[in-house]
Every structure is written in structure tokens, then in C-alpha cells.
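Numbering-wise (numbering that gives the first Met the number 0), the sequence shown opens with residue 0 and increments by one.
What follows is one structure encoded as C-alpha cells, with my remarks underneath.
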Amino acid sequence: MTGAELAAIRKAAGLSQTELGKRVGIGRHAVSYWETKDRVDPYAWAVRRMEEVLDLPEKPAPLRVPSYPSFAERMAELDRQAEAKFMERVARAQARVDAQAAKRRVRCGAKTRKGTPCRAKSEPGKRRCKFHGGKSTGARTPEGRQRLREAALRRWARWRAAKAEACRDEPQKT
0 MTGAELAAIR KAAGLSQTEL GKRVGIGRHA VSYWETKDRV DPYAWAVRRM EEVLDLPEKP
60 APLRVPSYPS FAERMAELDR QAEAKFMERV ARAQARVDAQ AAKRRVRCGA KTRKGTPCRA
120 KSEPGKRRCK FHGGKSTGAR TPEGRQRLRE AALRRWARWR AAKAEACRDE PQKT
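Set out below in C-alpha cells:
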């Protein structure tokens, strides 16, 4: 119900705001206040008093009180949340340990030309040093160097061909 509807019901009963206020024991300003509202609360104290004198429409059913979980259900939910947080912390700690292990440097231990184990530190996250399975220094023999030259020439030839093809496909700018 709106305030305008409340005012219409009061006027239909032939009462002024002052007369209605006197009959129900509230002030004229309280009647005026409720008649200017967009929505009248039927459970408000003043409106219930006006209902004794006026024929107001029936009140809607009161809102249902929401049901809350039991103590046991709430405790079970808190336990699930605590377990999830714990597992998240364990996963973060494991990720930290894994990251440290990936950076760890150990002794290489590969067999040297003398037959003794290599004492150099490994590359980060690997088990061998840069001399025994890490970094390549390139070809050493004339045949190996020639193979590298030929491979580079083939790569550059493919690159030039692709660039020429792209230039042919591109529309001419004028």
C-alpha cells in the first residue's frame, strides 16, 4: 500500500489528518508522514493504530525467517575451510621447495680426462657443469665449421625467399 492509498482511505472515511490522529492517539504529523511515503509499512506502530479506525487492506504475510545451519553443520563447514587453507599453504610451501631445488647447484661429478670426478658446480637446476653437458662452444674441426656455414647459408636463403614472397603478395603503394 502507498501513502496516497492510505490518504484516499482516510478521506473515504470522512476524516481529516487531525481527527484521525486524535482517534488513534498519534499526532497529525505522523498521519501526514505516512501519507507521503511511497510504500507504507503495515507492521509499523502508527499504521497498526490507524488500522483500528480505518478499513485498511489486509497485511501481506510476514517475511519468513531464514533458516540457519545447525552448529554441527557450521563446524563442519569451518573444518572444510580450514582444511582448504592448510592444503593451500602446503602447496605454496612445496612450490617454494621445488623452486629452490631448480636453482640448486651440485658438484658435476663427470669423469675428467684424468679419470677423476669433475669438481665444478652444475648449471642451475641441472646435474652437470657447463663443460660436461651444458653449454656448447661450437664446432672445433674444419668439417664441423663447414657444416655450420652451410646450415647458416640455407637458413638465410629460406629467410630471403620468404621475404621476397611477402613483398610480391603485398599490394603496391602509389
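We put the beta carbon where it would ideally sit given N, CA and C, even for glycine.
Please read these numbers as outputs of a predicted model, since none were measured by experiment.
Asked: Where the alpha helix (DSSP H) containing H28 begins and where it ends; Found: 27-34
Asked: Under the three-state DSSP convention, the category R126 falls into; Found: coil
Asked: Whole-angstrom distance between F70 and W44, CA atom to CA atom; Found: 35 Å
Asked: Separation of P65 from A29, as counted between CA atoms; Found: 32 Å
Asked: Beta-carbon proximity list for T85, same chain, < 7 Å, skipping 5 on both sides; Found: Correcting the residue identity first, residue 85 is Phe in this sequence and not Thr. None.
Asked: Strand pairing of K110, partner residues [DSSP]; Found: P116
Asked: Near the ligand NAP: E18 beta-carbon under 8 Å from a heavy atom; Found: What this structure holds is no ligand at all, so the ligand NAP is not there to describe.
Asked: Alpha-carbon to alpha-carbon, E18 and R38; Found: 23 Å
Asked: Extent of the continuous alpha helix (DSSP H) to which R88 belongs; Found: 70-102
Asked: Given 8 Å, three or more beta-carbon pairs between the segment 94-101 and the segment 110-118; Found: no
Asked: Cβ contact (3+ pairs, closer than 8 Å) linking the segment 19-26 and the segment 46-55; Found: yes
Asked: Between the CA atoms of E164 and D144 - distance to the nearest angstrom; Found: The identity of residue 144 in the sequence shown is Arg, whereas the question assumes Asp. Each residue's alpha carbon lies about 31 Å from the other.
Asked: Pairwise C-alpha distance: R79 and S121; Found: 44 Å
Asked: Sequence-distant residues of its chain with Cβ nearer than 7 Å to W33 (five each side left out); Found: G2, L5, V39, A45, V46
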